[in-house]
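**Q** Just passing along the structure, written as structure tokens.
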DNA sequence: TAATATGTAACACAGTTAGATACATATTAT
DNA sequence: ATAATATGTATCTAACTGTGTTACATATTA
């Protein structure tokens, strides 16, 4: 199971809940319940995508690079799942067969709209939304 | 790479193009360019889901169980990708942390709408559409 | 200069997937 | 009846992926 997207979203929501105070990979790892290196690997990708900033040294750690309300789940997905394919195509169907020769092109076209719909829906939720959802659960419970 | 959905779709489109004449796993495998057992495994799932019928013995093979225009990509997805999760969640975040305690529930809720959007879009294409797309390419080229 | 923290390389382990062989069972044709 | 054909499923493998882990060079702060 590839849980990178979920962990990356957890990281960002954690940073949002920190309200500007840097969080070390060790602190985040204790919330996610994993190894700090796993967190640093993901933070490295998030930083490259411009979603986080990291400060080395004592008192350092990770911060959101911009407002949580401007970071959507689509941004996270694009930062983390670089070679994502919703439904991967099989390689080299038989070009001698009319179906084999054309199925890849046809499927690619039809699946593109599916992936677009997924992306559109991902873009409707922000990291700030997730942090708010959590606060809502806390105040309701 | 999990290409089962693509191969299953290829199989069904192939059957649609056969116009009611049974196709053996060997024949289909030559179109997909893989081993007949791979085809039989997928056909077994498609038959359980009521999308195909198989006839043993000489002259036998697989057939669509119903009209290709009534079989959507969502039907195929549900038949083949039984334990599908678009974005799997990480296990056991730290319950001592407010974010860790609630992130799974919150993410599950937000991602449900994404998966629903994906499914809705999958349901808009049928096997008959794919067969028509292929014929269109052939007549245009 | 000591302590803290990141960034990344390297490795082990478990789980997944496609492909392959094998064979019992069912159906058809002769 | 018997041979030929075809499915359904079990089993094994090799390649690939993802997570967790250790290690260490580099950067920053106190």
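Chains as they are written, first to last, in full-length UniProt numbering: chain A, 1 to 141; chain B, 1 to 141. Using N, Cα and C, we set each Cβ at its ideal position, and we do this for glycine too. These numbers were taken from a predicted model, which means no experiment stands behind them.
1. According to DSSP, is residue 111/B helix, strand or coil?
2. Strictly below 7 Å CB to CB, what residues from chain B border residue 93/A?
3. What are the boundary residues of the beta strand (DSSP E) that residue 52/A is part of?
4. So, are the CB atoms of residue 24/A and residue 94/B less than 7 Å apart?
5. Grab the span of the alpha helix (DSSP H) containing residue 46/B for me, first residue to last.
6. Whole angstroms is fine: what's the gap from residue 47/A's alpha carbon to residue 13/A's?
7. In this structure, how does DSSP classify residue 131/B when only helix, strand and coil are distinguished?
8. Can you pull the DSSP bridge partners for residue 64/B?
9. Could you work out which residues of chain B lie near residue 88/A, taking near to mean beta carbons separated by less than 9 Å?
10. Measure the beta-carbon distance from residue 88/A to residue 3/B and round it to whole angstroms, keeping in mind my assumption that it falls under 8 Å.
11. Less than 8 Å between C-beta atoms, sequence neighbours within five positions excluded: which residues of the same chain meet that for residue 101/B?
12. Please identify, using Cβ separations under 9 Å, the residues of the segment 98-117 of chain A that lie next to chain B, in order along the chain.
13. Does any residue of chain A have a CB that is nearer than 7 Å to the CB of residue 44/B?
14. For residue 64/A, count neighbouring Cβ atoms within 10 angstroms of its own Cβ and tell me buried if that reaches 16, exposed if not.
15. Does any residue of chain B have a CB that is nearer than 7 Å to the CB of residue 121/A?
16. Alpha carbon to alpha carbon, what distance is there between residue 45/B and residue 38/B?
17. Among 11/A, 85/A, 49/A and 83/A, whose alpha-carbon lies nearest the alpha-carbon of residue 188/A?
18. Using a C-beta to C-beta distance shorter than 8 Å, which residues of chain A count as neighbours of residue 137/B?
19. Taking all protein chains shown into account, do 16 or more other C-beta atoms lie within 10 angstroms of the C-beta of residue 120/B, making it buried, or fewer, making it exposed?
20. Once the 5 residues before and after residue 58/B are set aside, which same chain residues still bring their CB inside 6 Å of it?
21. When we look at the beta-carbon of residue 5/A and count the other beta-carbons within 10 Å, is it buried (16 or more) or exposed?
22. Find out if the Cβ-Cβ distance for the pair residue 17/A, residue 131/A is shorter than 7 Å.
23. Among 21/A, 129/A and 115/A, whose alpha-carbon lies nearest the alpha-carbon of residue 78/A?
24. Closest to residue 69/A by CA distance: which of 9/A, 138/A, 136/A and 125/A is it?
25. Going along chain B, which residues have a C-beta under 7 Å from residue 133/A?
**A** To lay it out plainly:
1. helix
2. 10, 31, 32 and 33
3. 52-55
4. In this structure, residue 24/A sits away from residue 94/B, with a CB-CB distance that is not shorter than 7 Å.
5. Per DSSP, the unbroken alpha helix (DSSP H) holding residue 46/B starts and ends at 36-48.
6. 15 Å
7. helix
8. 52/B
9. 1, 2, 3, 5 and 6
10. 5 Å
11. Here residue 101/B has 93, 94 and 95 as same chain residues with Cβ atoms under 8 Å from its own Cβ, once five neighbours each way along the sequence are excluded.
12. 98, 99, 100, 101, 102, 103, 104, 105, 106, 107, 109, 110, 111, 113, 114, 115, 116 and 117
13. For residue 44/B, the answer is no, since every Cβ of chain A falls outside 7 Å of its Cβ.
14. buried
15. Yes - at least one Cβ of chain B is within 7 Å of the one on residue 121/A.
16. Whole-angstrom Cα-Cα distance: 11 Å.
17. Only positions 1 to 141 of chain A appear in this structure, which leaves residue 188/A out of reach.
18. Here the neighbours are 102, 105 and 106.
19. Taking every protein chain shown into account, the CB of residue 120/B has fewer than 16 other CB atoms within 10 angstroms, so this residue is exposed.
20. none
21. buried
22. yes
23. 115/A
24. Out of 9/A, 138/A, 136/A and 125/A, 125/A has the C-alpha closest to the C-alpha of residue 69/A.
25. 106
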